[in-house]
Amino acid sequence: MGATGEFDLPSGHLALPPAPPVEFPEAGEVQEAVLDRVQARLRENAFPPERDFGITYSGMPHPISRRVEELTTGTYFVEWARDSEAGTLGFERDAVRMMASLLGAPEGAGIITTGGTESNIAALRIMRNRAGRSAPEVIAPVTMHFSFRLGAELLGIRLREIQVGDDFLPRIEDVERALTPNTVGLVASAPAGSFGLLDPIEAFADLAVRHGLPLHVDAAFGGFILPFMRDLGYAVPPFDFSLPGVTTMMTDGHKLGLMPIATGFFLARDPDHFESIPTERTLIHTTSSTKPGSRAASAWATLRHLGRVGYRASTAHVLGLRDRIVAGVTALPGMSLIATPLITVVGFTSETIDLHDVHQRLASEGWGQSFGEIRGRPFIRLSIHPSRTFEAADGFVAAFDRAAARARRH
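Counting with the working numbering, you get residues 9 to 418 for the letters of the sequence shown.
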């Protein structure tokens, strides 16, 4: 995250980075030489995964995924191959049902997607198709994931963005005022990725019920931590299908679910919602079509292997990491939280320390984190993966201390 404007909106158009021409190879190189070049190129990455506290999905998936990868080489899953790939498609169906049960809709249906972007576009597509309006509109807080803007552009939907208060949360009265006869659905985040804050999902759900509208909950971060936080005794407001107004949900297994990257879940309370997606010619309900069988099998295997007990342990561990880092950084003179963290997304701010300087110093030492500015307030944002260690957390705090001590002062 660079120094941008409000939330995910950059200050200007982002150009596609140019690349020099590369000739297609005539004769192949020996394997060892190619692998050496792969390792050299990977060393160009700024942060080793074990020291990256900035991006959740930079974490290592559960080791069972590696075993599954070996077992599923050459397999795939897609709806049109339900006969030839019944085993891998069965992994998807079972994993989806397990996640639907976890999130309060044991009779729900869904699909494994490539992640949050595909899942959120699926939600918009169903809202638009079910409503059948000529000029469909969807209402969402400005703190939503960028994929809703992408989906709205692709699907011809007008996105009505609701501003948030100083607490970075939308006011439900503003949402209700934005309703028009063309409104086909509402969107809320559980929690939003900016600072990990939970939108007022209960109020959104009540509004959806009163106006007969579908509500999609983006639980990319929350789906694999909030249920287990509740198990551990944390106060977690209702956010899932336990609320009658919640129609569809999504969550990402590759964020806090210990699954490989490109493992997302899109879920609907009522399987009939998928009837609004025309499949007569495409034969699929997704936009990504064929996916490697390892993603469905890894999802199934990780859920079966860990269960609630394993995920509770993972949740306790990653929250312990968060608390260790928060305590260490906020103990430094001039440092504070931009908002009280609910999950493992943390934002630090300061009125006296140049945080962009801190960001650069941390990066130069190989510590992953991101910098941004919101409403004139600079911040350093962390998104912590369960595979991180307490040793790495302590190392990050020590590096932050060094960087803050040497950084410019306002």
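By construction, the Cβ of each residue, glycine as well, lies at the ideal position given by its N, Cα and C atoms.
Collapsed DSSP secondary structure at residue i in the structure displayed
i       : result
Tyr-319 : helix
Val-86  : coil
Leu-132 : helix
Leu-2   : Nothing in the structure corresponds to residue 2, since the chain is present only between 9 and 418.
Pro-26  : coil
Ile-346 : coil
Ser-142 : coil
Asp-174 : coil
Arg-179 : coil
Ala-148 : strand
Ile-392 : coil
Ile-292 : coil
Phe-387 : strand
Pro-235 : helix
Residue i - partner residues in DSSP beta bridges
i       : result
Gly-376 : Asp-60
Val-254 : Leu-223
Euclidean distance between Cα positions of residue i and residue j
i       : j       : result
Ala-176 : Thr-151 : Residue identity check: residue 176 is Phe in the sequence provided, not Ala. Those two C-alpha atoms are separated by around 8 Å.
Val-337 : Leu-240 : 25 Å
Arg-330 : His-367 : 18 Å
Ser-202 : Tyr-84  : 34 Å
Pro-246 : Leu-162 : 31 Å
Arg-316 : Ile-147 : 34 Å
Ile-134 : Asp-362 : 45 Å
Asn-128 : Glu-373 : 36 Å
Ser-73  : Thr-125 : 23 Å
Pro-279 : Asp-174 : 39 Å
Glu-78  : Pro-268 : 14 Å
Thr-64  : Glu-169 : 26 Å
Ala-160 : Ala-139 : 15 Å
Terminal residues of the beta strand (DSSP E) in which residue i lies
i       : result
Val-225 : 223–226
Arg-417 : Run containing Arg-417: none; DSSP gives neither H nor E here.
Arg-166 : 166–170
Phe-356 : 353–357
Unbroken alpha helix (DSSP H) run spanning residue i, endpoints
i       : result
Val-42  : 39–50
Thr-96  : 94–110
Gly-272 : Per DSSP, Gly-272 belongs to no alpha helix (DSSP H); it is in the beta strand (DSSP E), 272–276.
When the options are compared against residue i, the one with the closest alpha-carbon
i       : options                            : result
Thr-295 : Arg-417, Ala-130, Phe-32           : Ala-130
Ala-415 : Tyr-242, Glu-359, Arg-138          : Glu-359
Thr-271 : Ile-119, Pro-25, Gly-95            : Ile-119
Ala-143 : Phe-154, Gly-193, Gly-95, Arg-389  : Gly-193
Thr-352 : Arg-383, Arg-320, Asn-137, Ser-391 : Ser-391
Beta carbon proximity, residue i to chain D, threshold 9 Å
i       : result
Leu-162 : Going by chain labels, chain D is absent from the structure shown, which holds only one protein chain.
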